[in-house]
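Structure record follows, encoded as structure tokens.
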Amino acid sequence: MFAVMRIEKRLVVIGGRNITNSVNTHKEISIKRRVSNESLIAFMGSNQRVLSKLPPEMTADFISDTYLRLQIDSIDGYLNDLSSKNSYPIEAPLEEYLRPYQPVVHWGPLTDRNTFKQDIIAETLEIQTCLRSDSSTLSIQAGAWSMVNLSIGLYSLEMYEEAASMGLWTVNLFRTLLKTDPAVFSPYLVHSLRLLSTFYIKINAIDRAIVAIEEAILIGRRLQSPFADREVKFQFGEALITLAYVSDLRGDHSTSLEAAQEGVRVYEEMVINSYIPNSPSTDYQPSPDKKKWAQALEKFSDKAIYDYSRAQDQLSFSFQRMGRLEEAVQADMKALDVLLYSGIIRSHVTVDIAALLYRLSHQQFHTVIGLDQALIFAQHSVDIYRDLCEEDKQKHILCFCEALYEKANILGKLERYDEALAVWKETSDLAKDIIDDQVLRADALSELSWSYRKLERHDEAATIRTESVMVYQTALNSTSDKAAHGYFDLGVDLRLAGRYSEAIEALQTSITKYRALAFNDPDRYTKNIAMTLNQLTLAFIYSNQHEEAFNAGHESLKLHAIMIDKDSTVMSEYMSALRLNLFLAVTAENEFKCVERANYSVICARGLAKKSPEECNRLLIQAILSQAIVLC
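Heads up, the sequence shown is in this note's numbering, so the first residue is 25 and it goes up one at a time.
Below, the structure is given as structure tokens:
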């Protein structure tokens, strides 16, 4: 803590500009997270009757979170007061700082979050006690170390605004200490800057995150030498990976890839060159080199091993953003192998293994990884998440559903529809419990409906699709196109089930939604309107509503004729529209409209044949023959 320590008498002025900036930033953060119930929380602590009458949503967890935030506010206020004095006593470097640099590692609440939170609250109270002491006896060194622990603890509790607030003070404390002994305190400033960047990312302060991590890299690069401590080198790699990540968030993918590659090289210079094979295994099962991997990795700390795996994973994402999928797969295979062979026994490592398996199974890599191998990855991911859900369902259910989703998707691509259907059903049932992400449930229901359609179980497909559409309606706003797509698919399912009047109603709803979307983005949604008009025309024909079919069919032809000049991809749908109109002309009873539609269809077919003779000459012949039948 900011404990009483042996200090020298000399005073040093605290950096004015940095402190002023930090105070301003703290005020900005403080305004964002200001708690409006301070007096209520203070009163509750001394009045049991009021506590018993609180509404049920005012949980003990809420109260303890609010109390902790109030303690952070108090620390913020004490540090503001200390900074205004503009000086502090100088002390000789503490023994902890004279040892080889070791990062502060805070794994967070591994089991009981409430117990962990109580420890953090106790830490804040101890810090306040020290800060209320005589400022001339405070140890800035001990306090800075404690502030690192506090900020990481707050981050582990997902209190990101508070972590950023304390992280900013930590950076300024180490900046101040840096003036007294750069060699001793530089690694700790790099560490605190990297953490601050991570905290800023979580509160979406991307520009601040970039500034913090670039400063960390600038200082860290100066510390690199053949004689630098191992942890100083690893820290530099970690900072580069953070830069790669935040650059991705900013959309600067080339900078991201450059930083990720340099970051991985830092680790590989320490580990890979002597021990790990040049090309990773392409199977989930341990490779024959497992023993060699284990021998290499056991020389390093758990954190270094974990960070190296994370570096490979970030490199994979950076490669993917640049369209280099094979290299992205290779990097994630290395990341997976590192964790599998490392022997780290921690729950978060198991979670990372499951996440890597899920990523490697994802459809984005199916052009590189075969479907059978992707299914193996997906199954292993599902198995791990299933076990994790038994331990903490609330924490892992979303990832479990996403892993099931990908497994079902692969089974569908392998045309194993019965198995896919069972997985989709499990996914949609589980997703009911994810209150914050009902769209995932709707997506799973939609895919379950597709599986029923492929098995030609159309009534069941329509029933499930209806549920999916209802969830989309309630979970999404009007700017989303998922409900429009859902009603389109529902209309098709209902038509295939022979429920034509319901199909017409669903398709008309779909068109209404597409028209609203096309008002703001006509280039994107006019095609959807035309496709839906084709389906509506077909449904009208099946239900013998020929007048309505003529209207829908004519609008479809007009829209396709306009679009074909700008977008050749509508060719197949335009040809389908023509076939539907020709069939309508031959089968309807209104002779005048039949002749009119046949003639118009021949004109459209001639236009298509001029654009694409090979594809459309046969269609033109069909149109002329249909015209002849109608005129006879």
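Glycine included, every Cβ here is placed at the ideal spot set by N, Cα and C.
Around the Cβ of residue i, are there at least 16 other Cβ atoms within 10 angstroms (buried) or fewer (exposed)?
i           : result
residue 164 : buried
residue 548 : exposed
residue 552 : buried
residue 426 : buried
residue 278 : exposed
residue 652 : exposed
residue 477 : buried
residue 616 : exposed
residue 451 : buried
residue 246 : exposed
residue 216 : buried
residue 363 : buried
residue 86  : exposed
residue 513 : buried
residue 156 : exposed
residue 218 : buried
residue 656 : exposed
residue 627 : exposed
residue 199 : buried
residue 492 : buried
residue 350 : exposed
Contact check, residue i vs residue j under 8 Å by CB: the rounded distance?
i           : j           : result
residue 576 : residue 561 : 4 Å
residue 223 : residue 177 : No, residue 223 and residue 177 are not in contact; Cβ-Cβ is about 12 Å, not under 8 Å.
residue 607 : residue 565 : 7 Å
residue 353 : residue 324 : With a Cβ gap of about 25 Å, residue 353 and residue 324 do not count as contacting.
residue 556 : residue 525 : That pair is no contact at about 17 Å.
residue 622 : residue 640 : Not a contact, Cβ separation roughly 17 Å.
residue 568 : residue 597 : That pair is no contact at about 24 Å.
residue 121 : residue 208 : 5 Å
residue 117 : residue 231 : So it is not a contact: roughly 34 Å between Cβ atoms.
residue 271 : residue 252 : That pair is no contact at about 25 Å.
residue 507 : residue 519 : That belief does not hold up - the Cβ atoms of residue 507 and residue 519 are roughly 19 Å apart, past 8 Å.
Once DSSP output is grouped into helix, strand and coil, what is the label at residue i?
i           : result
residue 479 : coil
residue 162 : strand
residue 403 : helix
residue 346 : coil
residue 183 : coil
residue 636 : coil
residue 146 : helix
residue 351 : helix
residue 656 : coil
residue 569 : coil
residue 466 : helix
residue 19  : With the chain running from 25 to 656 in the structure shown, residue 19 is simply not present.
residue 649 : helix
residue 324 : coil
residue 235 : helix
residue 511 : helix
residue 309 : With a pLDDT of 44 at residue 309, under the threshold of 50, the modelled position of this residue cannot be trusted, and the question is left open.
residue 502 : coil
residue 123 : coil
residue 228 : coil
residue 390 : coil
residue 170 : helix
residue 522 : coil
residue 137 : helix
residue 204 : coil
residue 289 : helix
residue 114 : coil
residue 48  : Its pLDDT being 48, under 50, residue 48 is placed unreliably in this model, and the coordinates cannot settle the point.
residue 439 : coil
residue 59  : Residue confidence is low: residue 59 scores 37 on pLDDT, short of 50, so the model does not pin down where it sits. Its coordinate-derived value is still stated next. Residue 59 falls in the coil class under three-state DSSP.
residue 248 : coil
Are the Cβ atoms of residue i and residue j separated by less than 9 Å?
i           : j           : result
residue 235 : residue 244 : no
residue 366 : residue 382 : no
residue 294 : residue 348 : no
residue 273 : residue 287 : no
residue 276 : residue 334 : no
residue 654 : residue 594 : no
residue 421 : residue 457 : yes
residue 475 : residue 455 : no
Touch test, the segment 455-474 against the segment 496-508, Cβ-Cβ under 8 Å, three pairs minimum: Yes, they touch.
Any 3 or more C-beta pairs closer than 8 Å across the segment 386-400 and the segment 419-439: They touch, by the three-pair rule.
Any 3 or more C-beta pairs closer than 8 Å across the segment 171-186 and the segment 224-231: With a cut-off of 8 Å, the segment 224-231 and the segment 171-186 count as touching, because enough Cβ pairs lie within range.
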